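Have a look at the structure below, then the notes.
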Amino acid sequence: MPSTGTSSPETTATGAPRPGGPGLLAGRTVSRVGYGAMQLRENTDLATGVAMLRRVVELGVDHIDTAEFYGPANEFIREAIRPEDGVLVASKVGADPDPGAPVPLRLAQRPEELRASVEANLKSLGMDRIPLVNLRRTDAGPGVRAKGDQVVDLDDQLATMVALRDEGKIGAIGLSGVSLDVLRRALPAGIACVQNAYSLVSRDDDEILALCTAEGIAWVPFFPLGGDIPGLPKVTDEQVVLDVAASLGSTPMQVGLAWLLHRAPNVLLIPGTSNADHLQANVDAGAIQLDAETLAALNAVPSRSGNIVLG
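Take any residue in the sequence shown, count from 1 to its spot, add 164: that is its number in this note's numbering.
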């Protein structure tokens, strides 16, 4: 069962060096390069999923992002991650599984749905307390927008999340898919991290990142390379990224991830993959150094809006 462990700032509980160095999440030191479990739902059996997660731990990654609506990912984590690994597991609520649908999830924004989703995550992860749970809203960024009874006031949602924290079922509260105004409103509840779409080519949320940096809130971008939804620009299509990658002997994807780590000290990454070679490449991106000239060239890439609404 996932749990906390002991570690030094530079190494994990298993003694492995932290990819990207140490960062802070929900009051704990974690590797700045984490792992997103969403892709484990794609044609992955239990043995393969467990093997991938064991490799994640071996490589020094001790921050795993998951959700009940990621299919079997939670089951894999329950089977693979041991207390002595010292892995921080972060899950999320705000949507539920919807197998067979074109997008295999449906919004679940109402307070009673948030509570039910936390309970479902606790069961599938085999945990008594989830260290961090992100509330996935639909205020900003690419994706669906809430309609009808799924349009729920932030205060009602936060009241449920705070109650769950007070009950000891979750350790910390995060937010996802939020605007600057929503984050400001939520700050009194105590916010540990923000997960928004953000990349070199989609920097609409620079003001939110700045607020998170000032408040000591972890910034955990999803779609870190863009392009996961049709119409989103792709980091790896930029000529300057290709040129930097060639000069460093790295891949364009690694350059995009390294740029994020250089963007602010509170940035943590959760790149996902079900491929062991890609996992190694993501971890190796944490060691890439970008000098001032290179960063200036990358920062000159124009940002394009990532607010693509689906449905």
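Backbone N, C-alpha and C fix where the C-beta goes; we use that ideal spot for every residue, glycine too.
Quick caveat, the model's predicted, so the values are computed rather than measured.
- [ ] Enumerate, from N- to C-terminal direction, the unbroken beta strand (DSSP E) stretches of 3 or more residues contained entirely within the stretch 166 to 248.
- [x] For the stretch 166 to 248, whole beta strand (DSSP E) runs of length 3 or above, ordered along the chain, are 186 to 189, 192 to 195, 227 to 229.
As a quick exercise: from Arg309, Ile355, Asn298, pick the residue whose alpha carbon is nearest that of Leu271. Nearest Cα to Leu271 within the set Arg309, Ile355, Asn298: Arg309.
message: Can you list, in chain order, the residues of its chain with a C-beta nearer than 7 Å to that of Gly200? Leave out the 5 residues immediately preceding and following it.
response: Take Gly200, set aside five residues on each side of it, and the residues of its chain with a beta-carbon closer than 7 Å to its own are Asp229, Ile434, Pro435, Gly436, in chain order.
*Cβ shell of Ala259 (< 7 Å), same chain only, five flanking positions each side left out*: Counting only Cβ-Cβ distances below 7 Å, and skipping sequence neighbours, we find Phe233, Leu269, Arg270, Leu271, Ala272, Arg300.
Practice item. Alpha carbon to alpha carbon, how far is Ser288 from Asn298? Give it in angstroms, no decimals. Key: Going by the C-alpha atoms only, they are around 17 Å apart.
Does Gln453 come out as helix, strand or coil in the three-state DSSP assignment? Note: Gln453 maps to coil in three-state DSSP.
Checklist entry - Among residues of its own chain, excluding the 5 on either side of Gly179, which ones have a beta-carbon nearer than 7 Å to its beta-carbon? => result Excluding sequence neighbours, Gly179 sits near nothing in its chain.
**Asked** CA-CA distance, Gly312 and Gln418?
**Response** Each residue's Cα considered, the two are about 41 Å apart.
inquiry  = Taking the beta carbon of Val473 as the centre, do at least 16 other beta carbons fall within 10 Å, making it buried, or is it exposed?
reply    = With a pLDDT of 49 at Val473, under the threshold of 50, the modelled position of this residue cannot be trusted, and the question is left open.
Where Thr208 and Ser438 are concerned, what is the direct C-alpha to C-alpha distance, given to the nearest angstrom? Roughly 8 Å separates the two Cα atoms.
May I have a chain-ordered list of the alpha helix (DSSP H) segments no shorter than 4 residues that lie completely inside the stretch 322 to 366? The stretch 322 to 366 contains these whole alpha helix (DSSP H) runs: 344 to 350.
For the beta strand (DSSP E) holding Val257, just list the boundary residues, first then last.
Val257 -> beta strand (DSSP E) spans 252 to 257.
| request: Could you say if the stretch 334 to 343 and the stretch 395 to 408 meet the contact criterion of at least three C-beta pairs nearer than 8 Å? | output: Touching, no, given that fewer than three Cβ pairs across the two stretches are closer than 8 Å.
Next on the checklist: Does Gln444 pass the burial test, meaning 16 or more other C-beta atoms within 10 Å, or should it be called exposed?
Outcome noted: Its Cβ having fewer than 16 others within 10 Å, Gln444 is exposed.
Problem - Burial state of Leu351, where buried means 16 or more other Cβ atoms lie within 10 Å - result: Leu351 should be labelled exposed.
Worksheet item: Are the beta-carbon atoms of Leu424 and Pro388 separated by less than 8 Å?
Response: For the 8 Å CB-CB criterion, Leu424 and Pro388 form a contact.
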